[in-house]
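Take a look at the structure set out below.
Protein chains: 2
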Amino acid sequence: MANNKKLVEAITSMEDDFPQWYTDVVKKAELIDYSSVRGCMILRPDGYAIWENIQKELDARFKATGVQNVYMPMFIPESLLQKEKDHVEGFAPEVAWVTHGGNEKLQERLCVRPTSETLFCDFYSNIIESYRDLPKLYNQWCSVVRWEKTTRPFLRSLEFLWQEGHTAHATAEDAKKRTIQMLNLYATFCEEILAIPMIKGKKSEKEKFAGAEETYTIEALMHDGKALQSGTSHDFGDGFAKAFNIQYTDKENKLQYVHQTSWGLSTRLIGAIIMVHGDNSGLVLPPKIAPTQVMVVPIMQKKEGVLEVANTIKEKLTSCRVKLDSTDKSPGWKFSEQEMRGIPIRIEIGPKDIEKNQCVIVRRDTGEKAIILLDEVETKVNELLETIQKDMFNKAKSHRDSHTYIAKDYDEFKEIIANKPGFVKAMWCEEEECENNIKESTGATSRCMPFEQENISDKCVCCGKEAKTMVYWGKSY
Amino acid sequence: MANNKKLVEAITSMEDDFPQWYTDVVKKAELIDYSSVRGCMILRPDGYAIWENIQKELDARFKATGVQNVYMPMFIPESLLQKEKDHVEGFAPEVAWVTHGGNEKLQERLCVRPTSETLFCDFYSNIIESYRDLPKLYNQWCSVVRWEKTTRPFLRSLEFLWQEGHTAHATAEDAKKRTIQMLNLYATFCEEILAIPMIKGKKSEKEKFAGAEETYTIEALMHDGKALQSGTSHDFGDGFAKAFNIQYTDKENKLQYVHQTSWGLSTRLIGAIIMVHGDNSGLVLPPKIAPTQVMVVPIMQKKEGVLEVANTIKEKLTSCRVKLDSTDKSPGWKFSEQEMRGIPIRIEIGPKDIEKNQCVIVRRDTGEKAIILLDEVETKVNELLETIQKDMFNKAKSHRDSHTYIAKDYDEFKEIIANKPGFVKAMWCEEEECENNIKESTGATSRCMPFEQENISDKCVCCGKEAKTMVYWGKSY
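Residue numbers (the numbering used here), protein chains in the order written: chain A, 1 to 477; chain B, 1001 to 1477.
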């Protein structure tokens, strides 16, 4: 077991230093590697396979609501980026600029897309003519670039992978409906597939997307008590349509502006999976998203028959993603690797088990072991994968709920933020001054105004004036 | 039928002007739209869906050979690009340069990847240590940028989507084997799925990839008799490994350089599908790659019962990709749209058909009509999709074979190139001078030295000296 110890010792414990634990896990679990470009990461096979599983599941859910995929260019001419005032102010400071093509200087600089609203608007202004052309429900899977000063794998990188949906509708109501529909789709996906409970709500004016009328968000709580914005859905009203002149003739033959939405979700979610479910042995992946769900580890594999039976077990598990580790490493080392990589189930099979027609089955999330008969492997493994998925969600939900606090006045608020990492629910007058005050004096930001409102008190937790909304506050990534 | 005529008239006939016909079809079939960046196209839903089908099928074939997907950054530091001499000479003149991030000038320029050999090499030099780490069989799906002066949708654009596989092996033999394996995989895929016959062979020294030891290619013949390089597979030997210092310790504990390959295939293939199968009514898509395989068009759809039966037909066709066109356009217009979009089968169903418990089934590739009973719709449609797929391949093969000529001397060669668009098979001495001569005086280039060699004559078609190889020559895209 010396080897085993070595691999675990390679990661800092999360209680000692959570950020370092995180960085250790993403590297040691071989999700990413650093590249020679500052802030750009390499997604290794396991990291990319998680993203592929996210894509496959989300893409099917998008298409079921009528969404079609397209692909827009990665470059945006500077003049196009500047067409919507708020939007350019929000993004221009953090874009990468292409100034030369081949050996020639370009007449107009091109930015590498930080997001593609402007391109979609330009496209929509060309292809939308009549009410018959609406709605347009387009999405693209691509990478975007934001020139961040400080970067962290998955959470904040110069380039990241995401999907961005962009829709155009005949009416404001249709756009609003689609904005909420996609937010709900995101939340359900995260809860069902990633086992991460989400708070759904609206962003404050200060925190909303550059150019949006309303921004909606799903917020999750990480193991260290910090919040992570996990996906956003924006209602643009007709602001972009007016800036880009996207009009259609309605049934009465009158010209109308379209109403638009956009919504995005990125590889940041992989950061959430790590920070919600991980432990001091490494990654813990929910079965539905795990690239490998079951690892079969033979014990004393040189003994006659062991590898054969191990292989039979693997072959039996046709309905899940299973691998057999038949390398010449020690079983202890193999256990430790399977744990580091977060594979939900380990099956151990050795000569003594074979004699008794059984094997040992070990849960990654709890460490629980059970002995099962070889005949029932398939049934038990499938049941256990379901159980693990459910238990992981419940555990994450309990953790979040037990780290969600209520503050009725500012002293209480400050005390909680200073000493108890988590969400704080508190009332707000909706004045930006209070939001700024809170941020300056506590470091917490307004995460969202949840759809599920509660009346905690009648007064704003900061200024004491009349409260309008209950807000989730917290420190965030 | 006035409407019908209108849509078809919108495209130039291929006999009059093949390049214009091509441009008309990609626009009218709504595969692409132009963007506000020169040479960058927008892939619209039908264009992108063809690419998704290509991806899905190819990706499964890659994975079956042990390939894993990863994602590398889109930026390459200038110093990294320069590490392999031939490679940088080949690509530097046609890359886009990022010089500013946010408001700051970068210390080192970054190029937007034109291909990712240098990034993979840098990565491999970090992660490969021992023979146990080999082979590495990585692939990525992404977009790349090449700053071309003249662009054409799908065939040559500033940015295009592709996959690039990069592998590292212990021995030269393993690398060679993988290079050929992937070329064969490409050819089989194109023949089985895209119904396009391919010539497999090796590129000449002059035509090979910048930095490769050998480049292999699959070449297809378009309807106008021009050749299209449709996919390439490169054997790098240990050239990149030496430039990037990618070494491993072998079983005898000695340091060795790895041997590498790369192979790529792009949205250019969509251009091949259009130019091999299309006709004067628009696109003709092979069933296996068509986003929609069957379009049901109701006739007199306002008559009671018509839409219901049309819908029943659609519901019955569970094993194929089927749509029902119930818009308020005329049937003639719908026919013409379905033809323009290249949907392989049209089903027409009207009140008279319903009385007789039948429907009309029309092949897009031949225009043939047949009457079938409603009970047999599913069986007949599935059979017909298979038949169309096969027939389209055979038709493309006959066209290619009947446009492949043999030239024994230079006069004959020049006469064929000048008057008969197609491939010319002719012997070559393997001197670059003859290749250059032929290109200058005829416009034809060496497409490949096919695996299936024939001994046409003992003399080089150009200089008359001793011939070493039979070459396919042709004008190309």
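Beta carbons are placed, not taken as given, at the ideal position from N, Cα and C, and that holds for glycine.
CB contact check: residue i to chain B, cutoff 8 Å
i: Phe-244 (chain A); result: no
i: Ser-478 (chain A); result: The first residue shown for chain A is 1 and the last is 477, placing residue 478 (chain A) beyond what the model contains.
i: Tyr-186 (chain A); result: no
i: Met-14 (chain A); result: no
i: Ala-10 (chain A); result: no
i: Gln-55 (chain A); result: no
i: Asp-122 (chain A); result: yes
i: Asn-69 (chain A); result: yes
i: Trp-147 (chain A); result: yes
i: Leu-262 (chain A); result: Going by the sequence as given, residue 262 (chain A) is Ser instead of Leu. Answer no: the Cβ-Cβ gap between Ser-262 (chain A) and chain B never drops below 8 Å.
i: Val-95 (chain A); result: yes
i: Met-74 (chain A); result: yes
i: Glu-84 (chain A); result: no
i: Thr-99 (chain A); result: yes
Counterpart residues of residue i in DSSP-defined beta bridges
i: Lys-425 (chain A); result: A:Ile-406, A:Tyr-472
i: Asn-69 (chain A); result: A:Asn-139
i: Val-1112 (chain B); result: B:Phe-1075
i: Tyr-248 (chain A); result: A:Gln-256
i: Leu-1130 (chain B); result: A quick correction: the sequence has Ser, not Leu, at residue 1130 (chain B). DSSP, once it has assigned bridges, lists B:Thr-1249 as partnering Ser-1130 (chain B).
i: Leu-228 (chain A); result: A:Ala-220
i: Gly-264 (chain A); result: A:Glu-164, A:Thr-232
i: Thr-445 (chain A); result: A:Gly-474
Distance, residue j Cα to residue i Cα
i: Lys-254 (chain A); j: Ala-241 (chain A); result: 16 Å
i: Ile-1270 (chain B); j: Tyr-1472 (chain B); result: 23 Å
i: Gly-211 (chain A); j: Lys-425 (chain A); result: 28 Å
i: Arg-363 (chain A); j: Arg-321 (chain A); result: 15 Å
i: Asn-1139 (chain B); j: Val-1098 (chain B); result: 25 Å
i: Glu-1213 (chain B); j: Ile-1050 (chain B); result: 33 Å
i: Val-1026 (chain B); j: Gly-1047 (chain B); result: 9 Å
i: His-1399 (chain B); j: Met-1198 (chain B); result: 12 Å
i: Pro-17 (chain A); j: Ser-35 (chain A); result: Going by the sequence as given, residue 17 (chain A) is Asp instead of Pro. Each residue's Cα considered, the two are about 24 Å apart.
i: Met-1001 (chain B); j: Gln-1358 (chain B); result: The pLDDT assigned to Met-1001 (chain B) is 36, lower than 50, so where the model puts this residue is not dependable; a value taken from the coordinates is nonetheless given after this. Between Met-1001 (chain B) and Gln-1358 (chain B), the C-alpha separation is close to 24 Å.
i: Pro-1077 (chain B); j: Lys-288 (chain A); result: 38 Å
i: Asn-1004 (chain B); j: Thr-179 (chain A); result: In this prediction, Asn-1004 (chain B) has a pLDDT of 48, which is less than 50 and means its spatial position is unreliable; nothing more can be read from the coordinates.
i: Val-1145 (chain B); j: Leu-1161 (chain B); result: 9 Å
CB contact below 8 Å: residue i versus chain A
i: Ile-1042 (chain B); result: yes
i: Phe-1091 (chain B); result: no
i: Gly-1102 (chain B); result: yes
i: Asn-1126 (chain B); result: yes
i: Gly-1474 (chain B); result: no
i: Leu-1110 (chain B); result: yes
Selected residue, minimal CA-CA separation from residue i, among the options
i: Met-468 (chain A); options: A:Cys-460, A:Gly-474, A:Lys-475; result: Correcting the residue type first, residue 468 (chain A) is Lys in the shown sequence and not Met. With distances taken between Cα atoms, Lys-468 (chain A) lies closest to A:Cys-460.
i: Tyr-257 (chain A); options: A:Ala-396, A:Asp-325, A:Tyr-131; result: A:Tyr-131
i: Lys-1314 (chain B); options: B:Ser-1441, B:Tyr-1138, B:Asp-1375, B:Glu-1173; result: B:Asp-1375
i: Pro-1450 (chain B); options: B:Ser-1204, B:Gly-1039, B:Asp-1409; result: B:Ser-1204
i: Phe-154 (chain A); options: A:Pro-19, A:Pro-291, A:Asn-455, A:Glu-466; result: A:Pro-19
i: Gln-1163 (chain B); options: B:Pro-1114, B:Lys-1206, B:Glu-1129, B:Lys-1136; result: B:Pro-1114
i: Thr-327 (chain A); options: A:Ser-319, A:Met-300, A:Asp-353, A:Leu-384; result: A:Met-300
i: Cys-185 (chain A); options: A:Phe-91, A:Pro-93, A:Ala-64; result: The sequence shown places Leu at residue 185 (chain A), rather than the Cys named in the question. Residue A:Ala-64 is the option with its Cα nearest to Leu-185 (chain A).
i: Lys-1303 (chain B); options: B:Lys-1288, B:Lys-1316, B:Asp-1353, B:Glu-1415; result: B:Asp-1353
i: Glu-1355 (chain B); options: B:Leu-1384, B:His-1403, B:Phe-1189, B:Val-1306; result: B:Val-1306
i: Val-112 (chain A); options: B:His-1100, B:Ala-1396, B:Cys-1463, B:Glu-1117; result: B:His-1100
i: Arg-1481 (chain B); options: B:Arg-1044, B:Tyr-1034, B:Gln-1181; result: An answer regarding residue 1481 (chain B) cannot be provided, because it is not within the stretch 1001 to 1477 covered by chain B.
i: Ile-417 (chain A); options: A:Lys-226, A:Ser-319, A:Glu-108; result: A:Lys-226
i: Thr-1150 (chain B); options: B:Glu-1030, B:Asp-1238, B:Leu-1110, B:Arg-1038; result: B:Arg-1038
i: Thr-1445 (chain B); options: B:Glu-1452, B:Cys-1434, B:Gln-1453, B:Asn-1455; result: B:Cys-1434
Residues that residue i contacts on chain D, provided the C-beta gap is smaller than 8 Å
i: Trp-1162 (chain B); result: In the displayed structure, chain D is absent; the protein chains listed are A and B.
The ligand NAP heavy atom lying under 7 Å from the CB of residue i
i: Ala-418 (chain A); result: Absence of the ligand NAP from the depicted structure is noted, as is the absence of any ligand whatsoever, leaving it without description.
>> I'd like to know if the segment 323 to 340 of chain A and the segment 277 to 294 of chain A are in contact, where contact means that at least 3 CB-CB pairs between them fall below 8 Å.
In response: Counting C-beta pairs with one atom in each stretch, the segment 323 to 340 of chain A and the segment 277 to 294 of chain A have three or more that are closer than 8 Å, which means they touch.
>> Assess contact between the segment 228 to 244 of chain A and the segment 189 to 199 of chain A, defined as three or more Cβ pairs (one per stretch) separated by less than 8 Å. Is contact present?
In response: At 8 Å Cβ cutoff, the stretches touch.
>> Is it the case that the segment 200 to 219 of chain A contacts the segment 244 to 252 of chain A, given that we only count it when at least three CB pairs across the two stretches are under 8 Å?
In response: They do not touch, by the three-pair rule.
> Between the segment 1306 to 1323 of chain B and the segment 1347 to 1354 of chain B, do at least 3 Cβ pairs fall closer than 8 Å?
Replying inline: Yes, they touch.
> Is there contact between the segment 52 to 62 of chain A and the segment 117 to 127 of chain A, where contact requires at least three CB pairs shorter than 8 Å?
Replying inline: They do not touch, by the three-pair rule.
>> Using a Cβ distance threshold of 8 Å, determine whether the segment 70 to 78 of chain A contacts the segment 1099 to 1107 of chain B, with at least three qualifying pairs required.
In response: Verdict: no, contact absent.
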